[in-house]
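Asker: One structure coming up, written as structure tokens, with questions to follow.
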Amino acid sequence: MVGIVRSELIRLRRRSVLVGWTGLAVLFTVLVVFVMFQVVDPSGDGATDAPGVAFPTAAELLSRSGIMAGLPAASSFLGVVTLSFWALTAAGDSSTGLIRVLVSAEPRRWRLLAGKWVALALVTAAVVAVVVVANLVAAPAAASAGGWSPDAWGTGLIGVMAKAALDLYLSLLVWGTVGLALAGVTRSAGIAIGVGVGWVLLVEAVITALSSGIGQWLPGTTLTALAGGGSTDLSYGGATGLGALYVAVALLASWAVFTRRDITE
Numbered sequence: 093m094v095g096i097v098r099s100e101l102i103r104l105r106r107r108s109v110l111v112g113w114t115g116l117a118v119l120f121t122v123l124v125v126f127v128m129f130q131v132v133d134p135s136g137d138g139a140t141d142a143p144g145v146a147f148p149t150a151a152e153l154l155s156r157s158g159i160m161a162g163l164p165a166a167s168s169f170l171g172v173v174t175l176s177f178w179a180l181t182a183a184g185d186s187s188t189g190l191i192r193v194l195v196s197a198e199p200r201r202w203r204l205l206a207g208k209w210v211a212l213a214l215v216t217a218a219v220v221a222v223v224v225v226a227n228l229v230a231a232p233a234a235a236s237a238g239g240w241s242p243d244a245w246g247t248g249l250i251g252v253m254a255k256a257a258l259d260l261y262l263s264l265l266v267w268g269t270v271g272l273a274l275a276g277v278t279r280s281a282g283i284a285i286g287v288g289v290g291w292v293l294l295v296e297a298v299i300t301a302l303s304s305g306i307g308q309w310l311p312g313t314t315l316t317a318l319a320g321g322g323s324t325d326l327s328y329g330g331a332t333g334l335g336a337l338y339v340a341v342a343l344l345a346s347w348a349v350f351t352r353r354d355i356t357e
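Reading the sequence shown from the start, the letters are residues 93 to 357 in my numbering.
This is the structure we're talking about:
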């Protein structure tokens, strides 16, 4: 298993993957952080949520954890980026024919799937670390530009950063696992990415508008709540449980397709 993970990590070290993945994640985070401090009224509630963005309230931004508020606000965009690169990695093995070589070398396909998941999870952790630092650097500048004076920032900063990083990481693991499953089922990174983007920007927004009661249980809302440590509609425990369920279903689908599909000819 260690050899499989190492092999996957070597292929994931390509500059196009690391720079593209990390660059997009940092870009979305910084943009959302600056927009957030411009659209939220310091004396009122949070701004109206935009597709893919859940803005915090003024009180949340001014609290000691407000310095990390950009992470849950941008979590859906970061989730789509994560889904995309997990899907590209999975679909790339099929499109290049590399999967035939891998299966020939390791007939136990579940080990290949597990090794890929672990490798992608490790890279995702590294990307989260970079994003947390980017948010930490951007937040004070964005607050100053927006006329905010968050005096509580800095209190228990290490704990705030660690909690925000863990919550975001758990959320992105779900997004990535779903991307892995979609790419495995469709053999197409394009379709997987299209489903992810369409779901975040259109499908879930429409369903939520039609029925707010159903909306709080949908993947995007659930994972935003998970990234934010819970929400008013869904507790952190509930979001964690639903996230674990999504991962289990996605991994089961990936395993069923990967182990039964004829890819050796």
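For every residue, glycine included, the Cβ atom is placed at its ideal position computed from N, Cα and C.
Could you check if A221 is buried or exposed, using at least 16 other CB atoms within 10 Å of its CB as the buried criterion?
Answerer: exposed
Asker: Helix, strand or coil: how does DSSP classify R106 here?
Answerer: In the structure shown, R106 sits in coil (DSSP, three-state: anything other than H, G, I, E or B).
Asker: Helix, strand or coil: which one does DSSP assign to L260?
Answerer: helix
Asker: Nearest by alpha-carbon distance to L264: which of T351, A340, G335 is it?
Answerer: G335
Asker: Hey, how far is the Cα of P232 from the Cα of L153?
Answerer: 11 Å
Asker: Judging by CA-CA distance, which residue of L272, V118, W267, L214 is the nearest neighbour of F350?
Answerer: L272
Asker: What's the C-alpha gap between V173 and V145?
Answerer: 14 Å
Asker: Let me know if Q130 comes out buried or exposed under the rule of 16 or more other beta-carbons within 10 Å of its beta-carbon.
Answerer: exposed
Asker: So what does DSSP say about T356, is it helix, strand or coil?
Answerer: Note that T356 has pLDDT 49, beneath the 50 cutoff, so the model's placement of it is unreliable and no number is given.
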